[in-house]
C-alpha cells in the first residue's frame with residue numbers, strides 16, 4: 001500500500017500561505033507515491049475546544065482523517081510568536097491515538113522574521129504526544145514576499161518544502177519508540193480516549 | 001486609583017482548576033487593594049480565531065476588559081505539553097494594545113506532572129508582545145490532588161498563588177521598556193490594530 005500523508009492547515013484565513021505551502025508539500029509527497037489528504041479546518045466545523053464536549057462538531061472527522069495517516073504535516077502561521085490557535089484547537093481534540101509513533105513534519109509561516117519559536121513550541125507539543133517529529137522543518141519568514149499567484153515563488157523555500165514532502169514519504173513507516181517517561185505521565189487534553 | 005488586575009481563564013471546562021486558582025489569585029490581589037476582573041471565556045462568545053474576522057463575537061469585550069487592566073494574570077490548563085487552545089484564541093484576538101508594557105503573571109495547571117513547558121511557551125508569546133512578565137510563576141502539577149471543595153487545599157500551592165496575587169499588585173505600575181528589536185518585527189496575529 002502507498003503511504004498515506006495528511007496535512008493539517010493551521011489557519012482559517014482565506015488567503016493562507018500555510019495552506020499554499022502545505023498543498024505543495026503534499027504535491028511532492030504525491031510525486032513520491034503517497035496518497036494525500038489536505039485537512040482544511042476552514043472547511044470543517046470545529047468549535048473552540050472544551051474537554052467537557054470533546055466530540056463537538058467535526059471533531060470525529062478530524063480525528064479519523066489524522067488516524068488514517070502514516071505521516072502528518074502540521075502547517076501554522078505564526079501568531080504572537082507561537083503556533084496559531086486554530087491548529088491547537090484541532091490538536092487539543094486529538095491525542096495519542098492520532099500522533100503516537102506517527103511521523104510528523106512541521107512548517108511555519110511568519111509575516112515577520114521569526115518563525116522559529118512557533119516550530120519549537122509545536123515540536124514540544126508533538127514530543128509530549130510521542131510523535132516521531134522529523135528533524136527537518138520548514139520556516140518561512142517574511143511570507144508575503146515568497147508567494148506569487150498562489151504558489152511559492154522563492155527557490156530556497158520551495159526546496160525546503162520539497163525536502164519536507166520527500167522525507168514525510170521516506171519516513172512514513174518508522175519503528176515505534178519504546179514507551180517514554182513523558183508518555184506515561186502526560187495527561188493531555190483528552191486523557192480518557 | 002487602585003490598580004486594576006484582570007485574570008484570563010484559559011479553560012472552558014465547568015470544573016476548571018485554572019478558574020479556581022485564578023479566583024484565589026484575584027482574591028489576594030483584592031486584599032492588597034486592587035480592583036479585579038475575572039475574564040471567564042466560558043461566559044463569553046469567542047469563536048476560533050480567523051484573522052479575516054477579528055471582531056467576531058465578543059472579541060471587543062475581551063480586548064476592552066484586558067485593556068482596562070494594569071496587570072493581567074493568564075491561567076491555563078496544560079493540553080498536550082503546552083498552553084490550552086481556548087486561551088490562545090483569546091490572545092490571538094488581542095495584541096500589543098492589550099499586552100505591551102503590561103505586567104503579566106502566569107499560572108499553569110497540569111493533570112500530570114509537567115506544567116513547565118506550557119509556562120515557557122506562554123512566556124515566549126507574551127515576550128513577543130512586549131509584555132512585562134513577572135519572573136515568579138505558578139505551576140500546579142497533579143492538579144486533582146490539590147483541590148478540595150472548590151478551593152486550593154495544598155499549602156505550598158496556595159502560597160505560590162498568594163505570591164502571584166501580591167506581585168501582580170506590587171508591579172502593576174512598571175516603567176515601560178524601550179521598544180525592543182522583537183517588538184518592531186513581530187507581525188502577530190492582527191498586525192493592523
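Protein chains in written order, with the UniProt record's numbering: chain G, 1 to 193; chain V, 1 to 193. Cβ atoms here follow ideal geometry from the backbone N, Cα and C, with glycine treated the same way.
Minimum Cβ-Cβ distance from residue i to chain V less than 9 Å
i                      : result
residue 92 of chain G  : yes
residue 64 of chain G  : no
residue 33 of chain G  : no
residue 41 of chain G  : yes
residue 97 of chain G  : no
residue 139 of chain G : no
residue 19 of chain G  : no
residue 106 of chain G : no
residue 8 of chain G   : no
residue 22 of chain G  : no
residue 151 of chain G : no
residue 89 of chain G  : yes
Residue of the options minimising C-alpha distance to residue i
i                      : options                       : result
residue 40 of chain G  : G:51, G:61 and G:52           : G:61
residue 91 of chain V  : V:79, V:80 and V:75           : V:75
residue 133 of chain V : V:14, V:144, V:141 and V:121  : V:121
residue 17 of chain G  : G:159, G:107, G:69 and G:64   : G:107
residue 50 of chain V  : G:42, G:131 and G:53          : G:42
residue 99 of chain G  : G:168, G:67, G:52 and G:59    : G:67
residue 15 of chain V  : V:168, V:147, V:153 and V:175 : V:147
residue 176 of chain V : V:140, V:109, V:96 and V:116  : V:96
residue 77 of chain G  : G:38, G:102, G:58 and G:117   : G:117
residue 142 of chain G : G:56, G:128, G:157 and G:113  : G:113
residue 63 of chain V  : V:135, V:45 and V:32          : V:45
residue 194 of chain V : V:56, V:65, V:109 and V:157   : With chain V covering only 1 through 193, there is no way to say anything about residue 194 of chain V.
residue 101 of chain G : G:94, G:155 and G:174         : G:174
residue 195 of chain V : V:57, V:170, V:13 and V:19    : In this structure chain V extends from 1 to 193, so residue 195 of chain V is not present and cannot be described.
residue 57 of chain G  : G:93, G:138 and G:1           : G:93
residue 84 of chain V  : V:119, V:59 and V:54          : V:119
Contact with chain G by residue i, beta-carbon distance below 9 Å
i                      : result
residue 81 of chain V  : yes
residue 125 of chain V : yes
residue 73 of chain V  : no
residue 191 of chain V : Note that residue 191 of chain V scores a pLDDT of 46, beneath 50, so its modelled location is shaky and nothing firm can be said.
residue 121 of chain V : yes
residue 84 of chain V  : yes
residue 38 of chain V  : no
residue 176 of chain V : no
residue 12 of chain V  : yes
residue 128 of chain V : yes
residue 147 of chain V : no
residue 1 of chain V   : no
residue 157 of chain V : no
residue 46 of chain V  : yes
Buried versus exposed, by CB contacts within 10 Å (16 or more), residue i
i                      : result
residue 36 of chain V  : buried
residue 130 of chain V : buried
residue 159 of chain G : exposed
residue 150 of chain V : exposed
residue 70 of chain G  : buried
residue 153 of chain V : exposed
residue 144 of chain G : exposed
residue 162 of chain V : buried
residue 31 of chain G  : exposed
Rounded distance between the beta-carbons of residue j and residue i, thought under 8 Å
i                      : j                      : result
residue 104 of chain G : residue 5 of chain G   : About 11 Å; that fails the 8 Å criterion.
residue 172 of chain V : residue 47 of chain V  : Not really, about 31 Å apart at Cβ, beyond 8 Å.
residue 89 of chain G  : residue 82 of chain V  : At roughly 12 Å, the Cβ-Cβ gap does not stay under 8 Å, so residue 89 of chain G and residue 82 of chain V are not in contact.
residue 34 of chain V  : residue 22 of chain V  : Incorrect: roughly 14 Å between the Cβ atoms, too far for contact.
residue 25 of chain G  : residue 111 of chain G : Residue 25 of chain G to residue 111 of chain G, Cβ: 20 Å. No contact.
residue 86 of chain V  : residue 10 of chain V  : 6 Å
residue 168 of chain V : residue 29 of chain V  : 5 Å
residue 13 of chain V  : residue 52 of chain G  : 6 Å
Simplified DSSP state of residue i, which is helix, strand or coil
i                      : result
residue 98 of chain G  : helix
residue 158 of chain G : helix
residue 121 of chain V : helix
residue 48 of chain V  : coil
residue 58 of chain G  : coil
residue 163 of chain V : helix
residue 21 of chain G  : helix
residue 72 of chain V  : strand
residue 28 of chain G  : helix
residue 211 of chain G : No answer is possible for residue 211 of chain G: the residues shown for chain G start at 1 and end at 193.
residue 79 of chain G  : strand
residue 144 of chain G : helix
residue 130 of chain G : coil
residue 152 of chain V : strand
residue 6 of chain G   : strand
residue 110 of chain G : coil
residue 12 of chain G  : coil
residue 139 of chain G : strand
residue 177 of chain G : coil
Proximity test, residue i beta-carbon vs the ligand NAD heavy atom, cut-off 8 Å
i                      : result
residue 170 of chain G : For the ligand NAD, the structure offers nothing, since it holds no ligand at all.
Any C-beta of chain B under 9 Å from that of residue i
i                     : result
residue 50 of chain G : Looking at the structure shown, chain B is missing, and the protein chains on hand are G and V.
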